[in-house]
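Before any comments, here is the structure.
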């Protein structure tokens, strides 16, 4: 589904990604962990080209990320959920969810609204369709953001620390939605510090440090029996 | 000396006609200026450097030269190139629009930059093009924020439009000059002209305050 070859990313002199090779299968849930500054978010943002790779090759669903048209095509197939939600504050919840399907997929309004209402129900917010983002709690906003991304019927969902900006009591409601998605077979790449989620839902855990993939494997293997010293050091601090 | 109220009362209707013309030229110029400014403001933020440079040259040239000189260039200098005289109204509106556009470009640029980058990223990550993201997400939010500086620009333009009197265009200031030429009532007429400008600018700033308050109430941020 996603193939990444020798991906490098520089921000000026800062070398953030130093040669990432990675392949993500359909329906796989990959959890990316690692210390801050290790390049996890940058890797995620390269997959839908929010960051332009300095070097390397990325293919999503066999579409190479080369020109502008391809990039927009890939973005329509790849949903993204941000740490800070990034809902559109001037639009109602319903409009947030229907905007892209109407503009990009050219769906008729009625159809887009039907899809949106179904998705809002799925994330438990069917009563908030006409509310504005500022009237919602962080957890609710993030669930709307997930619904907004799902409305494009994406083949892959990227989650960039989706619970890091949330109050503790709201983390679960967001993780529950993500678990449901995973169980339905959505291909997901999740950058997170929620190790419980990684263990329970992840098919594979990737540990990144200093712009490289240090270790990857099944969650149980990584968490109970990490081979690399750096992985051990990181896990001992957070588990 | 005595203040000739009769002169004020007699010339007031004529001056009001001039005031209407002043409002017209200001409204047309700021409207055109907003269109120019919106595109020039976006161009200032373009990824392509020729576009960016073109917009920067435009903004710098207009803001770095006096409006009066710009009016002279358009009314006197350009016709020498083309060989056709330009109508005073067309010249006045063109000069004011182009001038206003440069100031409004900077207002738009700042307004667009004030919107969180995450908004653009959210739009783009959903597959929306740059133009769609601008139109549906960034500009509507930026527009609310730039209402106060746009109001200031409108007031500034209303006052600066008095400069087009030099090419004989009969707005408020020019009307005043013409009446004085006939009646020698310099004192009465200039005070009346100033008073009419003041009433107009105060009215606009009240209107802008009102708009700003209204948008603040339903600002979903």
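Protein chains in written order, with our numbering: chain A, 75 to 313; chain B, 2 to 222. Each residue gets a CB set at the ideal place from its N, CA and C atoms; glycine is no exception. Remember, predicted model here, so these are calculated numbers, not experimental data.
Only residues of its own chain outside the window of five on either side were considered, and among them 94 have a CB closer than 6 Å to the CB of residue 29(B), listed in chain order. Nearest CB-CB separation between residue 218(A) and chain B: not below the 8 Å threshold. Segment contact: the segment 92-109 of chain B against the segment 22-37 of chain B, three or more CB-CB distances shorter than 8 Å; contact assigned. Taking one beta carbon from each stretch, the segment 176-189 of chain A and the segment 207-217 of chain A have fewer than 3 pairs nearer than 8 Å; the two do not touch. Excluding residues up to 5 positions away in sequence, 216, 219, 220, 223, 231, 232, 233, 234 and 236 lie with their Cβ nearer than 8 Å to the Cβ of residue 155(A) in the same chain. The beta carbon of residue 132(A) lies closer than 6 Å to those of 78 and 139 in the same chain, with the five residues before and after it left out. Chain-ordered, the chain A residues with CB closer than 7 Å to the CB of residue 119(B) read 156, 158 and 160. Considering only 201(A), 130(A), 196(A) and 135(A), the residue with the shortest C-alpha distance to residue 254(A) is 196(A). Nearest CB-CB separation between residue 149(A) and chain B: below the 8 Å threshold. Only exposed fits residue 17(B), as fewer than 16 other CB atoms lie within 10 angstroms of its CB. Per DSSP, residue 153(A) is one residue of the beta strand (DSSP E) stretching across 152-155. Between residue 168(B) and residue 89(B), the C-beta gap is smaller than 8 Å, which places the two residues in contact.
According to the DSSP assignment, residue 124(B) belongs to the alpha helix (DSSP H) that extends over 118-126. DSSP lists no bridge partner for residue 201(A). The three-state secondary structure of residue 260(A), taken from DSSP, is coil.
In the DSSP assignment, residue 229(A) falls outside any alpha helix (DSSP H) and carries neither an H nor an E. Taking a Cβ-Cβ cut-off of 7 Å, the neighbours of residue 138(B) in chain A comprise 162, given in sequence order.
In this structure, the alpha-carbon of residue 103(B) lies about 17 Å from that of residue 26(B).
Secondary structure at residue 87(B): coil, using DSSP grouped into helix, strand and coil. Annotated as distal: residue 203(A) and residue 210(A), with beta-carbon spacing of 8 Å or more. The segment 99-114 of chain A makes contact with the segment 258-273 of chain A, as at least three CB pairs between them are under 8 Å. DSSP links residue 283(A) through a beta bridge to 286(A). Rounded to whole angstroms, the gap between the alpha carbons of residue 208(B) and residue 2(B) is 38 Å. Interface annotation, residue 174(A): in contact with chain B, CB-CB separation under 8 Å. Taking a Cβ-Cβ cut-off of 7 Å, the neighbours of residue 178(A) in chain B comprise 127, 128 and 129, given in sequence order. Residue pairing by DSSP places residue 164(A) opposite no residue, since no beta bridge is assigned to it. Sequence-distant partners of residue 185(B) (beyond 5 residues in either direction) whose C-beta falls short of 8 Å from its own C-beta are missing from its chain.
About 11 Å separates the CB atoms of residue 45(B) and residue 58(B); that is not less than 8 Å, and the two are not in contact.
Counting only Cβ-Cβ distances below 9 Å, residue 51(B) has no contacts in chain A at all, with the closest Cβ about 18 Å away. Against chain B, a Cβ distance below 8 Å from residue 226(A) picks out 127 and 128. Contact with chain A is absent for residue 107(B), since none of that chain's Cβ atoms lies less than 8 Å from the residue's Cβ.
The beta carbon of residue 124(A) sits closer than 8 Å to some beta carbon of chain B. Going by C-alpha positions, residue 308(A) is about 30 Å away from residue 152(A).
Residue 82(B) counts as exposed, since fewer than 16 other C-beta atoms from the protein chains shown sit within 10 angstroms of its C-beta. Here residue 83(A) is bridged, per DSSP, to 91(A).
For the segment 140-153 of chain B, the beta-carbon criterion of a distance under 9 Å to any beta-carbon of chain A is satisfied by 141, 142 and 145.
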